[in-house]
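So the sequence lines, in the order shown, correspond to chains A and B. Positions 0 to 502 (numbering that gives the first Met the number 0) are the ones given, in order, by the first sequence. Positions 0 to 332 (numbering that gives the first Met the number 0) are the ones given, in order, by the second sequence. A virtual CB, placed ideally from N, CA and C, is assigned to each residue, including glycine.
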Amino acid sequence: MSELLMMHNIRKYFPGVKALRSVSLAIRAGEVHALIGENGAGKSTLMKILSGVYGMDEGEIFWDGQKVEISSTADATELGISIIYQELNQLPNMSVAENIFLGREKRTRNIFLNSRETFSEARKFLDNVGLDVDVRALCKDLSIAQRQMVEIAKALSVNARLIVMDEPTSSLTDREITVLFGLIRRLREQGVAVVFISHKLEEIFQISDRITVLRDGEYIGTVETVDCSEDLLIQMMVGRSLTGFYPKREVPIGDVVLQVEHLNAGRSVRDVSFDVRAGEILGFAGLVGAGRSETMRALFGVDPMESGRIAVNGKTLSHHSPSDAIQCGIGLVPEDRKLQGLILKMTVRENTTLANMEATREKGFVSRRKEEQITREYVRKLDIRTAGTEQKAVNLSGGNQQKVVIAKWLATGSRVLILDSPTRGIDVGAKKEIHELMGELASQGAAIIMVSSELPEILGMCDRIIVMHEGSIRGDLKRSEATQEKIMEIILTSKKQAIPQGE
Amino acid sequence: MSKSNNFLAGVSGRFRKLRQANTFNIFMILLGMCLIMSFAAGSKFLSVSNITSVVRQFSFYAIMSIGMVMVILTGGIDLSVGSIFAFSGVITCMAIMRWGVPVLPSVLLGVLAGAAFGLLNGLCITKLQLPPFIATLGTMSIARGLSYGITGGYPIGSLPDSFKFIGLGNILDIPTPIIWMILLALLFSVFLRFTVRGRWVYAIGGNEEAARISGVKVNQTKSLVYIFSGMMAAVAGIATAARLGVGQSTAGVGYEMDAIAGVIIGGASVSGGYGNIIGPIMGAAIMGVLRNGLVLLDVSAYWQQAVIGVVIIIAVSFDKLQHDRKSPISVSK
Numbered sequence: 000m001s002e003l004l005m006m007h008n009i010r011k012y013f014p015g016v017k018a019l020r021s022v023s024l025a026i027r028a029g030e031v032h033a034l035i036g037e038n039g040a041g042k043s044t045l046m047k048i049l050s051g052v053y054g055m056d057e058g059e060i061f062w063d064g065q066k067v068e069i070s071s072t073a074d075a076t077e078l079g080i081s082i083i084y085q086e087l088n089q090l091p092n093m094s095v096a097e098n099i100f101l102g103r104e105k106r107t108r109n110i111f112l113n114s115r116e117t118f119s120e121a122r123k124f125l126d127n128v129g130l131d132v133d134v135r136a137l138c139k140d141l142s143i144a145q146r147q148m149v150e151i152a153k154a155l156s157v158n159a160r161l162i163v164m165d166e167p168t169s170s171l172t173d174r175e176i177t178v179l180f181g182l183i184r185r186l187r188e189q190g191v192a193v194v195f196i197s198h199k200l201e202e203i204f205q206i207s208d209r210i211t212v213l214r215d216g217e218y219i220g221t222v223e224t225v226d227c228s229e230d231l232l233i234q235m236m237v238g239r240s241l242t243g244f245y246p247k248r249e250v251p252i253g254d255v256v257l258q259v260e261h262l263n264a265g266r267s268v269r270d271v272s273f274d275v276r277a278g279e280i281l282g283f284a285g286l287v288g289a290g291r292s293e294t295m296r297a298l299f300g301v302d303p304m305e306s307g308r309i310a311v312n313g314k315t316l317s318h319h320s321p322s323d324a325i326q327c328g329i330g331l332v333p334e335d336r337k338l339q340g341l342i343l344k345m346t347v348r349e350n351t352t353l354a355n356m357e358a359t360r361e362k363g364f365v366s367r368r369k370e371e372q373i374t375r376e377y378v379r380k381l382d383i384r385t386a387g388t389e390q391k392a393v394n395l396s397g398g399n400q401q402k403v404v405i406a407k408w409l410a411t412g413s414r415v416l417i418l419d420s421p422t423r424g425i426d427v428g429a430k431k432e433i434h435e436l437m438g439e440l441a442s443q444g445a446a447i448i449m450v451s452s453e454l455p456e457i458l459g460m461c462d463r464i465i466v467m468h469e470g471s472i473r474g475d476l477k478r479s480e481a482t483q484e485k486i487m488e489i490i491l492t493s494k495k496q497a498i499p500q501g502e
Numbered sequence: 000m001s002k003s004n005n006f007l008a009g010v011s012g013r014f015r016k017l018r019q020a021n022t023f024n025i026f027m028i029l030l031g032m033c034l035i036m037s038f039a040a041g042s043k044f045l046s047v048s049n050i051t052s053v054v055r056q057f058s059f060y061a062i063m064s065i066g067m068v069m070v071i072l073t074g075g076i077d078l079s080v081g082s083i084f085a086f087s088g089v090i091t092c093m094a095i096m097r098w099g100v101p102v103l104p105s106v107l108l109g110v111l112a113g114a115a116f117g118l119l120n121g122l123c124i125t126k127l128q129l130p131p132f133i134a135t136l137g138t139m140s141i142a143r144g145l146s147y148g149i150t151g152g153y154p155i156g157s158l159p160d161s162f163k164f165i166g167l168g169n170i171l172d173i174p175t176p177i178i179w180m181i182l183l184a185l186l187f188s189v190f191l192r193f194t195v196r197g198r199w200v201y202a203i204g205g206n207e208e209a210a211r212i213s214g215v216k217v218n219q220t221k222s223l224v225y226i227f228s229g230m231m232a233a234v235a236g237i238a239t240a241a242r243l244g245v246g247q248s249t250a251g252v253g254y255e256m257d258a259i260a261g262v263i264i265g266g267a268s269v270s271g272g273y274g275n276i277i278g279p280i281m282g283a284a285i286m287g288v289l290r291n292g293l294v295l296l297d298v299s300a301y302w303q304q305a306v307i308g309v310v311i312i313i314a315v316s317f318d319k320l321q322h323d324r325k326s327p328i329s330v331s332k
């Protein structure tokens, strides 16, 4: 078979991190090609380069044997490349037909919308994918599976020869998955190539012809699906030695500080119970969307919880709000530093003192002198590299921004510190400093929870590791017994079980 | 030697900071406009009595802008101030003339009425989760309708001199509205700069989610700024009723736009998180000087509106250009 697409030695740098270092991918016409790798392996970045969302820094792309430049999404569409994102890009208040022809509206006399042709053409493509809904129906009234089908119909309407599906099964039921796979097989017969991104090995074995594995922005290999086993894939995905040194300290572990019992919050947090002890670093491993961040947000009072009990040092939190959690000595370094952690327009000083303004008061008024004193103390302790306490947070590097968020919680005297993806998008040096800081805090008796999608980081830093999947806890491993393979196995092999849905 | 260097560095640092603050730009615009007016209209503009009357005129707008800027700092907007302006003036006059309430309690009643509407705005926005634009559009209509309803549309006149003093009197030769403006500006500058709640106002406008996670009481603080805004509208409305000697349900129509324009010309960020009290006061001053100048130059009132609109656009785009050039570092995605 001939190669439809060749991506050769693609490199892409982002400030401070190398997202892709020399990745290659070859796709044949009429094959289903699975692209797998852990979070952050570079799958999305590679697909965004293919679809023209990102430019690449080095590398070549060949389409049908011809070298091509893809500098915009229009270029990609022109070639016949369509991407179906997890969060479907549809306008919910427009009809199915209008969504299919969005931006390419059928016209009469070049000015007026031709709805008759729009509807009849749309019908043709919907029939092609086997979707039996009214073309006039609004997209918002369709199920996710149906909307996905509409996207595929749209791809066919632009004569796509390569369709990338980014985790298409993540929110489908088993029956819908069967229908989707039927459609993918039909596309294959029509000579359309499908790139299938998924975390679910079981599905990959079911549907794919070949599998390419990425890890840490590097190309690991491409294998024929029939030739390989689950074990081999897991090993390819995680099989690196622990890169770098994790400054884990041995700290005596004390009494239970934080207790979480039967926490329920929406679909993504189901009956979660755990506790953390003084001096302990507890890791939360799992895939993106496993419910780890949601658990942290619910327990901190940012999102509402349906039921459950949260207690610090045996005292139950009563109001369920962030200020209540802070009063009880919990601090949350949220997942998204820029959107949730910091007020970028504000200065280092203002960000550092925000959660504990009480400490800055003198005779009832905020004292600038005290604020500066507190800020300078933490700038020194955490070695925050800033031009001064009056520097705006937006002007700091990622690592230093994260340190400011941590400083904010240290300034409140938090005894339980929740760090959600604390080192994401941070360069190696700052990462290590944050790890050292975690060790330092634990040795001072703080209880620390770290959510991370990087398994080496979890394994390197944590005393105990909780594995979450689909909103519930699936495993609780001690440091001594945890390995990457074990964790990935818990995640990848835990099938959809009939979990008793609370009360 | 090093001492004098430090001193120089300190001074030049201060000056740079001053220039970077866009309050400085606004001040330069105001100064420029005064210069133009004094050339164009000469002594008519520069006379003490004219300047005093300009300041007195814009002080009513400025007082409303003080309330408005705090709302805008949180990322909100308050469209109800023009109607609250009328309602508070009317309620105060009704209390004095119809219900026989002494002057001081009547004034307090008027201010409380403004606060009550502010609280209503706050509750609609925080509890019902309505967008500020819609919530205050609703109260704008409610307050206006109530003003018409309780007065039957008739103005309430023959007010006692002790009440008129609030808008018409002088203290140490300074007209009372100017004194109210200065006192309120000082009070709320202290609030924004030196209190925890004041800091929270900026934090909410800067990033509401991050503020909430940092334990900022977002709902309470938001309600508070709408209450302040209602109270400032009430003060302006009562002072205006006192100055004209009549409480009218038609007063203050469209004043919300003047208050908003003052804040925007004054350099506050419409998306919240950036601004101060002195900016909107200068914004109101710019509009006041412009109105006065146009009158002195015999430009008809019909045309004034258009000129003011042009100035708003020029002032804000000028400021934006300055700002873009100075901070090349933008929030990356």
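- Judged by DSSP in its simplified three-state form, M6(A) adopts strand.
- Under the 8 Å criterion on CB atoms, E208(B) is classed as interfacial with respect to chain A.
- Between A85(B) and G282(B), the C-beta spacing is not below 8 Å.
- Restricting attention to V315(B), M69(B) and L34(B), the CA atom closest to the CA of F227(B) is found in M69(B).
- Residue-level contact check: A267(B) does not touch chain A, since none of the beta carbons of chain A fall below 8 Å from its beta carbon.
- The three-state secondary structure of M180(B), taken from DSSP, is helix.
- The contact set of G272(B) on chain A, defined by CB atoms closer than 8 Å, consists of I342, K344 and M345 in chain order.
- In this structure, M164(A) lies away from V191(A), with their beta-carbon atoms at least 8 Å apart.
- With respect to the C-alpha of I472(A), the residue from N263(A), A96(A), L409(A) and I60(A) having the closest C-alpha is N263(A).
- Listed in chain order, the non-local C-beta contacts of I50(B) below 7 Å within the same chain number zero, local neighbours out to five positions each way being set aside.
- By the C-beta criterion, the stretch 229 to 242 of chain B is judged not to be in contact with the stretch 287 to 307 of chain B, since fewer than 3 inter-stretch pairs fall below 8 Å.
- L87(A) is positioned such that its CB atom lies closer than 8 Å to that of Q147(A).
- Counted as a single uninterrupted DSSP element, the alpha helix (DSSP H) harbouring F132(B) occupies residues P131 to T150.
- DSSP places G220(A) in the strand class (E or B) of the three-state scheme.
- Taking L108(B) as reference, the option from L118(B), N120(B), I95(B) and S58(B) with the minimal CA-CA separation is I95(B).
- Apart from sequence neighbours up to five positions away, no residue of its chain approaches K126(B) with a beta-carbon distance below 6 Å.
- Annotated three-state conformation of Y12(A) is strand, per DSSP.
- If you draw a straight line from the Cα of I489(A) to the Cα of M467(A), it is about 9 Å long.
- For K391(A), DSSP records a beta bridge to T346(A).
- Close CB contacts of V215(B) within its chain, under the 6 Å cut and outside five residues either way in sequence, are with W199 and A202 (chain order).
- By the rule that beta-carbons nearer than 8 Å mark a contact, M55(A) does not touch chain B.
- Taking C-beta atoms as the reference points, C138(A) and P167(A) fail to come closer than 8 Å.
- Around the Cβ of I99(A), a 10 Å sphere holds 16 or more other Cβ atoms; the residue is buried.
- At a cut-off of 8 Å between beta carbons, T194(B) contacts chain A.
- Between the C-alpha atoms of S105(B) and V245(B) there is a straight-line separation of about 14 Å.
- Taking a Cβ-Cβ cut-off of 8 Å, the neighbours of R211(B) in chain A comprise V301 and P321, given in sequence order.
- DSSP places S248(B) outside both helix and strand once states are collapsed to three, so it counts as coil.
- Taking the Cα of K344(A) as reference, the smallest distance to any Cα among A209(B), M93(B) and G137(B) is reached at A209(B).
- With its beta carbon less than 8 Å from one in chain A, G205(B) belongs to the interface.
- DSSP places F273(A) in no alpha helix (DSSP H) but in the uninterrupted beta strand (DSSP E) bounded by V268 to R276.
- In the DSSP assignment, I83(A) falls within the unbroken beta strand (DSSP E) covering I80 to I83.
- Comparing alpha-carbon positions, the option among L3(A), M6(A) and I48(A) lying closest to Y12(A) turns out to be I48(A).
- Three or more beta-carbon pairs drawn from the stretch 169 to 183 of chain B and the stretch 41 to 55 of chain B are found closer than 8 Å, and the two stretches are therefore classed as touching.
- In terms of beta-carbon proximity, G278(B) stays away from the interface with chain A, with every pair separated by 8 Å or more.
- Taking I177(B) as the centre and dropping the five residues before and after it, the same chain places the C-beta of V54, R55 and S58 closer than 7 Å to its C-beta, in chain order.
- Only residues of its own chain outside the window of five on either side were considered, and among them F283, G285, V450 and M467 have a CB closer than 6 Å to the CB of R291(A), listed in chain order.
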